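Colleague:
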Amino acid sequence: MLFLLAAAVTIPLGLDLYLPVPEGNPLTAEKIEQGRRLFFDRRLSRDGSIACSSCHDPERAFSDGRPVAVGVFDRKGRRNSPALINRGYGRSFFWDGRMATLEEQVLKPIQDVNEMDLTLPEATARVGLPAEEISRALASFVRSILSGDSPFDRFIEGDRAALSAEQQAGLAIFRGKGNCTACHVGPNFTDERLHNTGIAWRDGKLADPGAGRGDFKTPTLREIARTAPYMHDGSLATLEDVIEYYDRGGNRNPGLDAEIRPLHLTAAEKRSIVVFLRCLNGLVQRGTDTAQWDRRSVNPPASAGASPARLAPSDLG
Amino acid sequence: MNRCTAGILAAIAAILLTVPAGAQKKTEADTMFEAARQKETLEGDLSGAIKQYGAIVAKYGKTDRGVTATALVRMAEAYQKMGNAEAQKIYEQVVREYADQKDAVALARAGLGVQAAPHSGGNIRQVWTKFGGSPYGPVSHDGRYVVFTSYLGPGGGRTGPQNLAVHDLITGADLVLTKNESPVERPGKPVFSPDSRQIGYPWIVEGVSEELRIMELNGNSPAKSRVLFKTDDLFRARDWSPDGKWIAVGIRRKDHINQLGLVSTSDGTLRVLKSIDWAGSTQVYFSPDSRYLAFDLPSSENGGKRDIFVIAVDGSREVPAVIHPANDRLAGWTPEGKHLLFISDRNGRPALWSLPFENGKPQGNPEMLRPDFGANHDDYLGPTRTGELYFSVLGGGVKVSIASVDLESGKSNPATMQQFTNGIYPAWSADGKYLAYITYQDGDARTFLTIYSAETGQRRELRPNLTYPTWPSWSPDGRSLLVPAGDAKGRWGIFSIDAQTAEVEPVAISGPEEPGFGTPQWLPDGKGIVYERGRKQGGDGVIVKRELSSGKESEIVRVKLLPNHGVATRGFVVSPDGQSLAYLTSNGTPAHTAIMVMPLAGGQPRELLKVTEFVYLGGWTPDSQSLLYSRNGTLPGDVAAWLLPVNGGPPRKLDLGERFATELQMHPDGKRVAFWSNNQTAEQFWVLENFLPALTAKK
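Line by line, the protein sequences are chains A and B.
For the first sequence, our numbering gives the first residue as 1, with consecutive numbering after it.
For the second sequence, our numbering gives the first residue as 318, with consecutive numbering after it.
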């Protein structure tokens, strides 16, 4: 598979310059804009009540603040709406990682009876676009949703004043005693893999098998302070709850990941991890125009468009 | 480039390292040769170079036979690289018409010899053997210089503070480039600038920071350098772009993610191109047009095999280039940038392969350029701009031996000696039935364990999913082994390996700011382990005990390590009765190292032996009354075995029948000793020449 250039977006500080884009769906400004319109288009739901943005609210870093998604006719889904942050770097999609590409993934909620509840022919008829075009446009828009340039990124870049002493202490625990980097690694704070953290283990059984053994994909921690509640089922309301959960070693079960074990963190250590996690809020860029960057983020940009301007594909010959 | 050509180069090239810039007045012929070399070596334009050499012949043909003969030889060599039969005619012309130009004639004869040989993917020759250093390259783009690590330690071994040095393959001269006397600072592997007049290299201050420094090679020692880029993460310089604008670096972040990035040579800014998971790249090469970076990645977390990818330097695209179940090691690009070179064992044996690559994509299938190439290669130092491929080979080898020895007389019985090649760090199980040791395998970067049965003589492999396990220590029940190692997520620590299934469990993981742990050992009662924390070169270490039931850790003793003991030797050993701890320490000066012994439960340490030389601590005798150790012998490279009674009496030398015997481990029967011997006296530096015509011929 050949990946082509993401020429139409600017990569924020802290993210990889190389943004994988499938050869069959090159990223263009036109397609991103088309995808943006579709993303907010309520015609894509059976009763015209919801759009993609209903569960992936730009004001909440493209999550929805509810434990589980709510679809047409107030139908409740099974899982929490994941934040659509930096999904262009993703390797699999949905909480259980069942989709390999964004192009496949974006059509599924439209067809899910508990979400938008349309058949693809119906969706095609409503917006006047073939399903493939809907797929490519929505995937392109999602690919353009990028978060970076956070205080953490500026700290890594060498600005030692970008993180407070407590945030730096939290970072040290995040990487060390907390063992968070066993899964939350790299620029996007995820290993993009499936893990059984025990969260699906209820009353001696798996309430949700996830990918099969109670395992779910590691979510990004970018913008994490804006995407409560947490975990695949939204069962933990706050970041403090999440830290407590992991500190006690999760819910023991036969498939529990070897990395999940009691951490014995002190109260101060727990607090500092949470303080550190809040510094992962940065700039959320969507679409092609950096003026659309979400200024509601708690931290102003140090420098918009930190990475050099990209070349068009044709410049590579 | 062959040896004779190198000699001609010596006569005509500006000698970068031994003559300060500007000190030598250039003649017009020099300038013309330089222009031709520019075409040939930097631009890879052999046709252009041939024209330039032709111009020299035309200009000096009637006035300067020496210059003319030299130009003809160089022209022939350029033709030879292109696989053009014109080379033979020109060589013959030199032999026939320039008999008074002895160097040129010698070169021409050598060239004719190469021409006459049947073509089988080039010819290989050794260009240098380095004793007591690490010729880890790279080679300059004109194939003249190679950078190596120079050690200041005693005995010519790899001990003591490290410095960068450069070896001139033509004159044989060495020049130390840096002046470092600190045990906690060291250089990393450098890269050459496109004109080979500068190097970029990491300067590592252990546990503090790493800098990318640029140094002009102008013949001065130490040479001046400037800091281009600084980080508190780990990084390695990988390649310098042919257009001079970027230095490709591999960065290992504190969350253990590896990244491939570019540092601007103009302002030192870093652009991260790609984050590449827990495992990183080992080989990265710019394409000759500077537009692409080829790099390798492990094909999975569970094996040492690699695949090869190419990413555009502007981050715009990436393409898998060599994806195959075999182990594919990147070796670089051909000078014209139309082929990737790699070593692959896809046909059962390592061989040199090429993959056509144009317009940002692979074109067609790989073809074998040379069979049986790469089995014993340590590292690839990159092809030169003229198409020679340099590589290093470890000379000699390491092996584990088991010798029968009479501790009273100190004599061993050579007739009963057993030896296992490629083995290091032997360890007997408590019942003496098994010997575990670490094994290196040619062509495989990963090490594994071998379990030898002293009863049946059978050996089996144990391949845990760990990187670089060392110093195995058997659990008292013989069911598992402790090792310090790295795991699949790039973390370093102590791991327990199931002796039957090779399943791995972490026992202690070091923090991101913490150096790795040293030499973990089981307590004989099986209730705890002892290991070293904070172990790094020239630093202070702490020997700690951990109770396995509670995880409680307690400090036993603090030690100070000498620079020349570093992290590569055993720092302590627990007695078989579990009562005593022997360890190495120093007062911080190179002239004072001591073997100490103290009660494991705590108490006053006693100095058993004070030495002023390199010491390897071994194991105890089964009765816990004596220690085994090794120290430098009287001859260079000798490391002799000794027995040291802990309750008085002088040390006694043991004759184990090997000049180099370390990590002495006594069998519980007190009659056999296992040890690791190293006759790896040198690293060899080789070059594969004239293999590109095979590529041309295939086309």
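Where is the CB? At the ideal position from N, CA and C, for every residue including glycine.
Being a predicted model, the structure only gives us computed values, none of them experimental.
Taking a contact to mean a Cβ-Cβ separation below 8 Å, would you say SER892(B) touches SER813(B) in this structure?
Modeller: Contact flag unset, no.
Colleague: For GLY77(A) and chain B, any beta-carbon pair shorter than 8 Å?
Modeller: Closer than 8 Å: no.
Colleague: From the DSSP output, which residues share a beta bridge with ALA744(B)?
Modeller: Paired residue(s): ALA753(B).
Colleague: For a contact defined as C-beta to C-beta under 9 Å, what are the partners of ASP572(B) on chain D?
Modeller: Here chain D cannot be found, since the structure's protein chains are A and B.
Colleague: If contact means a Cβ-Cβ distance below 8 Å, which residues of the segment 263-276 of chain A contact chain B?
Modeller: Answer in chain order: no residues at all.
Colleague: Please compile the residues from chain A whose C-beta is within a distance smaller than 7 Å of the C-beta of SER526(B).
Modeller: Residues of chain A passing the Cβ test: none, with the nearest at roughly 11 Å.
Colleague: Taking 8 Å as the threshold, find out whether the segment 89-102 of chain A comes into contact with the segment 211-228 of chain A through three or more Cβ pairs.
Modeller: Touching, yes.
Colleague: Could you pull the DSSP bridge partners for PHE94(A) from this structure?
Modeller: Paired residue(s): none; PHE94(A) is not in a bridge.
Colleague: Do GLU103(A) and SER135(A) have their C-beta atoms closer together than 8 Å?
Modeller: The answer is yes: Cβ separation under 8 Å.
Colleague: What residue range does the beta strand (DSSP E) around TYR946(B) cover?
Modeller: Here the beta strand (DSSP E) through TYR946(B) covers 943-949.
Colleague: Please list the residues of the segment 588-601 of chain B that have a C-beta atom closer than 7 Å to any C-beta atom in chain A, keeping them in chain order.
Modeller: Flagged, chain order: ARG588, VAL589, LEU590, LYS591, SER592.
Colleague: Under 8 Å, do GLU64(A) and CYS55(A) count as touching if we go by C-beta distance?
Modeller: The sequence given here has Asp at residue 64(A), not Glu. Contact flag set, yes.
Colleague: According to a CB-to-CB cut-off of less than 7 Å, which residues of the segment 804-820 of chain B neighbour chain A?
Modeller: For the segment 804-820 of chain B, which is checked against every Cβ of chain A, the residues closer than 7 Å are LYS806.
Colleague: Please list the partners that ILE628(B) has in chain A, where partner means a Cβ-to-Cβ separation under 8 Å.
Modeller: Within 8 Å Cβ-Cβ: TYR18.
Colleague: At 8 Å on the CB atoms, spell out the chain A contacts of GLY851(B), in chain order.
Modeller: Per Cβ cutoff of 8 Å: no residues; GLY851(B) is ~14 Å from chain A at best.
Colleague: Tell me, which residues are paired with HIS656(B) by DSSP?
Modeller: Paired residues: PRO673(B).
Colleague: Hey, which unbroken runs of the alpha helix (DSSP H) at 4 residues or more fall wholly within the segment 577-637 of chain B?
Modeller: Complete alpha helix (DSSP H) runs here, min 4: none at all.
Colleague: Suppose you measure from the CA of PRO801(B) to the CA of ASN676(B); what does that come to, to the nearest Å?
Modeller: In a straight line, the C-alpha of PRO801(B) is about 45 Å away from that of ASN676(B).
Colleague: Please give the ranges of any alpha helix (DSSP H) in the segment 239-271 of chain A, keeping only runs that are unbroken, at least 4 residues long and fully inside the region.
Modeller: Whole alpha helix (DSSP H) segments, 4+ residues: 239-247.
Colleague: Using 8 Å as the threshold, is the segment 454-465 of chain B in touch with the segment 479-487 of chain B, meaning 3 or more CB pairs across them?
Modeller: They touch, by the three-pair rule.
Colleague: Excluding the 5 residues preceding and the 5 following ASP986(B) in the sequence, name in chain order all residues of the same chain whose CB lies nearer than 7 Å to its CB.
Modeller: For ASP986(B), where only same-chain residues beyond five positions count, the Cβ hits under 7 Å are GLY749.
Colleague: Once DSSP output is grouped into helix, strand and coil, what is the label at THR190(A)?
Modeller: Coil, per DSSP.
Colleague: Return no unless some Cβ of chain A is closer than 8 Å to the Cβ of GLY632(B).
Modeller: It does: the Cβ of GLY632(B) has a partner Cβ on chain A nearer than 8 Å.
Colleague: If we count the other Cβ atoms within 10 Å of its Cβ and call it buried at 16 or more, is ASN682(B) buried or exposed?
Modeller: With fewer than 16 Cβ atoms within 10 Å of its Cβ, ASN682(B) is classed as exposed.
Colleague: Should the segment 177-196 of chain A be called in touch with the segment 72-84 of chain A, which here means at least 3 C-beta pairs below 8 Å?
Modeller: Too few Cβ pairs lie closer than 8 Å, so no.
Colleague: Less than 8 Å between the CB atoms is what I'm expecting for LEU934(B) and VAL890(B), so what's the real figure, rounded?
Modeller: Right, the Cβ-Cβ distance comes to about 6 Å (below 8 Å), so this counts as a contact.
Colleague: Could you list which residues in chain A have their beta carbon closer than 8 Å to that of GLU864(B), in chain order?
Modeller: Result: empty, since nearest Cβ-Cβ is about 15 Å, beyond 8 Å.
Colleague: Candidates PHE39(A), PHE141(A), PRO109(A), ALA125(A): which alpha carbon is nearest GLY287(A)'s?
Modeller: That would be PHE141(A), whose Cα lies nearest to the Cα of GLY287(A).
Colleague: List the residues that DSSP assigns as beta-bridge partners of ASN995(B).
Modeller: Answer by DSSP bridge pairing, in chain order: VAL715(B).
Colleague: How should PRO700(B) be labelled, buried or exposed, when 16 other C-beta atoms within 10 angstroms of its C-beta is the threshold for buried?
Modeller: Its Cβ being crowded by 16 or more others within 10 Å, PRO700(B) is buried.
Colleague: Is any beta-carbon of chain A found at less than 8 Å from that of GLY828(B)?
Modeller: Chain A contact via Cβ: present.
Colleague: Which residues in the same chain as GLY505(B) place their Cβ atom closer than 7 Å to its Cβ, once the five residues preceding and following it in sequence are excluded?
Modeller: Answer for GLY505(B): TYR518, PRO519, ILE521, ARG553, ALA554, listed in chain order.
Colleague: Nearest-angstrom Cα distance between SER364(B) and ALA395(B)?
Modeller: Taking the straight line joining both Cα atoms gives about 8 Å.
Colleague: Going by DSSP, which residues form a beta bridge with PHE889(B)?
Modeller: PHE889(B) pairs with TYR900(B).
Colleague: Please report the straight-line C-alpha distance between LEU840(B) and LYS862(B), rounded to a whole angstrom.
Modeller: One C-alpha to the other measures close to 9 Å.
Colleague: Might you give, ordered along the chain, the residues of its own chain that have their beta carbon closer than 7 Å to the beta carbon of ARG175(A), omitting 5 neighbours on each side?
Modeller: Excluding positions up to five away in sequence, the list reads THR181.
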